[in-house]
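Student: One structure is given below, represented as structure tokens, and several questions about it will come after.
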């Protein structure tokens with residue numbers, strides 16, 4: 001299956017700053033990538049669908065101006081958390097679709113906002 | 115997307131077979147059933163996928179009855195390293211569909 005990487009694996013930032021998380025599809029051209037957020041002891045929550053060359057589609061309740069998504073190439077999507085606050089601390093995971101409807105997930109990025 | 119229902123948690127001893135059942139009463143004709151495994155602080159990992167009857171790979175088996183309203187993930191002879199959360203998802207066959215994760219089943223394997 002597809003190999004997906006994320007960078008960084010963990011990041012700590014101060015409240016009010018912005019953080020960029022990269023998601024790369026290493027061996028698969030991904031026209032669509034997905035971004036999820038997972039709080040401790042909870043399930044994954046879909047935040048947005050990232051489409052190569054066009055605007056992302058955000059799920060209800062997710063602020064598009066706060067969580068900026070850029071999908072400039074078939075192998076890279078980025079999620080920027082702008083003006084981060086402690087409540088944005090979470091585990092962020094990206095994924096891409098495989099040939100048979102399955103999803104391949106990145107290893108995740110642990111964001112801690114102090 | 116079809117809603118799924120799974121047991122919140124299960125316990126097993128090493129070497130036993132574990133069967134996790136998922137209910138998906140509103141599954142649509144084009145939907146596939148896919149199971150994922152997630153370890154703490156890692157992204158989910160694809161385990162197995164099926165449409166009907168039985169599917170088997172090197173890791174698990176997936177049993178799907180004729181009405182497709184449920185499915186059972188079978189893990190043969192579990193080990194301690196199988197302790198994880200297992201998610202059952204149901205989705206369409208179009209590339210790019212979004213996944214609706216339920217609460218999953220937390221499996222604890224003990225010696």
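Chains as they are written, first to last, in the working numbering: chain A, 1 to 114; chain B, 115 to 225.
Think of the CB as a built atom: it goes at the ideal place given N, C-alpha and C, for glycine as much as any other residue.
(1) Between residue 131(B) and residue 189(B), which are expected to be in contact by the criterion C-beta below 8 Å, what is the C-beta distance as a whole number of angstroms?
(2) With a Cβ-Cβ cutoff of 9 Å, do residue 203(B) and residue 34(A) count as a contact?
(3) Show which residues of chain A have a CB atom less than 8 Å away from the CB atom of residue 187(B).
(4) Note down, in chain order, each residue of its chain lying with its Cβ closer than 8 Å to the Cβ of residue 18(A), except the 5 sequence neighbours on either side.
(5) Could you tell me the distance, in whole angstroms, from the CA atom of residue 210(B) to the CA atom of residue 225(B)?
(6) Which value, in whole angstroms, describes the spacing of the CA atoms of residue 8(A) and residue 159(B)?
(7) What's the call for residue 145(B), buried or exposed, on a 16-neighbour Cβ count within 10 Å?
(8) Less than 9 Å between the C-beta atoms of residue 137(B) and residue 221(B), yes or no?
(9) Since I believe residue 6(A) is in contact with residue 106(A) (beta carbons under 8 Å), could you give me their beta-carbon distance rounded to a whole number of angstroms?
(10) Could you spell out where the beta strand (DSSP E) holding residue 181(B) opens and where it closes?
(11) Measuring CB to CB, does residue 114(A) end up less than 9 Å from residue 21(A)?
(12) Let's test the definition: count the other Cβ atoms within 10 Å of the Cβ of residue 59(B) and tell me whether it reaches 16, buried, or not, exposed.
(13) Report the three-state DSSP secondary structure of residue 196(B) (helix, strand or coil).
(14) Could you name the residues of the same chain whose beta carbon sits closer than 7 Å to that of residue 198(B), not counting the 5 residues immediately before and after it, in chain order?
(15) Tell me whether the beta-carbon of residue 175(B) lies closer than 9 Å to the beta-carbon of residue 147(B).
(16) Using the beta-carbon of each residue, which ones in chain B are nearer than 8 Å to residue 110(A)?
(17) For residue 96(A), does the count of other Cβ atoms within 10 angstroms reach 16, so buried, or fall short, so exposed?
(18) Report the neighbours of residue 12(A) on chain B: residues whose CB is nearer than 7 Å to its CB, in chain order.
(19) Would a C-beta distance cut-off of 9 Å place residue 192(B) and residue 223(B) closer than the cut-off?
(20) For a cutoff of 9 Å on Cβ pairs, would you count residue 93(A) as touching chain B?
(21) If the criterion is Cβ atoms closer than 9 Å, does the pair residue 63(A) and residue 46(A) meet it?
(22) Using the Cα positions of residue 36(A) and residue 86(A), report the straight-line distance between them to the nearest angstrom.
Tutor: In short:
(1) Along the second chain, one-based indexing puts residue 131(B) at 17. Along the second chain, one-based indexing puts residue 189(B) at 75. Contact holds; Cβ gap of about 7 Å.
(2) Position 89 of the second chain holds residue 203(B). Position 34 of the first chain holds residue 34(A). No, the pair does not count as a contact, with Cβ atoms beyond the cut-off.
(3) Translated into the one-based positions of the second chain, residue 187(B) becomes position 73. Within 8 Å Cβ-Cβ: nothing; residue 187(B) doesn't reach chain A, min ~14 Å.
(4) Stepping through the first chain from its first residue, residue 18(A) is reached at position 18. Once the five neighbours on either side are set aside, the close Cβ partners of residue 18(A) are 80, 81, 82, 83 and 84.
(5) For this step, residue 210(B) is matched to residue 96 along the second chain. For this step, residue 225(B) is matched to residue 111 along the second chain. Legend: pLDDT at residue 210(B) = 44, less than 50; position of this residue unreliable, no value from coordinates given.
(6) As a first step, residue 8(A) must be located in the first chain, where it is residue number 8. As a first step, residue 159(B) must be located in the second chain, where it is residue number 45. Residue 8(A) and residue 159(B): Cα-Cα distance of roughly 19 Å.
(7) Your numbering for residue 145(B) matches position 31 in the second chain. Classification of residue 145(B): buried, given that the 10 Å Cβ count is 16 or more.
(8) Position 23 of the second chain, counting from 1, holds the residue named residue 137(B). Position 107 of the second chain, counting from 1, holds the residue named residue 221(B). No, the Cβ-Cβ distance between residue 137(B) and residue 221(B) is not below 9 Å.
(9) Residue 106(A) sits at position 106 when you count from the first residue of the first chain. Residue 6(A) sits at position 6 when you count from the first residue of the first chain. At roughly 4 Å, the Cβ-Cβ gap stays under 8 Å, so residue 106(A) and residue 6(A) are in contact.
(10) Working through the second chain from its first residue, we reach residue 181(B) at position 67. Element bounds for residue 181(B): n/a, residue is neither H nor E.
(11) Along the first chain, one-based indexing puts residue 114(A) at 114. Along the first chain, one-based indexing puts residue 21(A) at 21. No, these two residues do not count as a Cβ contact at 9 Å.
(12) Given that chain B is displayed from residue 115 to residue 225, the structure contains no residue 59(B) and the question cannot be resolved.
(13) Counted from its first residue, the second chain places residue 196(B) at position 82. Looking at residue 196(B) - three-state DSSP - the assignment turns out to be helix.
(14) Taking the second chain and counting its residues from 1, the one referred to as residue 198(B) is at position 84. Answer for residue 198(B): 151, 152, 153 and 221, listed in chain order.
(15) Here residue 175(B) refers to the residue found at position 61 of the second chain. Here residue 147(B) refers to the residue found at position 33 of the second chain. Their beta carbons are not under 9 Å apart, which means residue 175(B) does not touch residue 147(B) by this criterion.
(16) Numbered from 1 along the first chain, position 110 holds the residue referred to as residue 110(A). Ordered by position in chain B, the residues that pass the 8 Å Cβ test against residue 110(A) are 155.
(17) Taking the first residue of the first chain as position 1, residue 96(A) is located at position 96. Classification of residue 96(A): buried, given that the 10 Å Cβ count is 16 or more.
(18) By 1-based counting over the first chain, the position of residue 12(A) is 12. The premise fails here: residue 12(A) is roughly 15 Å from chain B at the closest Cβ pair, so nothing lies under 7 Å.
(19) Position 78 of the second chain, counted from the start, is the residue given in the question as residue 192(B). Position 109 of the second chain, counted from the start, is the residue given in the question as residue 223(B). Taking 9 Å as the Cβ cut-off, residue 192(B) and residue 223(B) qualify as a contacting pair.
(20) Here residue 93(A) refers to the residue found at position 93 of the first chain. Residue 93(A) counts as touching chain B.
(21) Reading the first chain from its first residue, position 63 is the one you call residue 63(A). Reading the first chain from its first residue, position 46 is the one you call residue 46(A). Not closer than 9 Å, so no.
(22) Walking along the first chain from the start, residue 36(A) turns up at place 36. Walking along the first chain from the start, residue 86(A) turns up at place 86. Looking at the two C-alpha atoms, the distance is approximately 18 Å.
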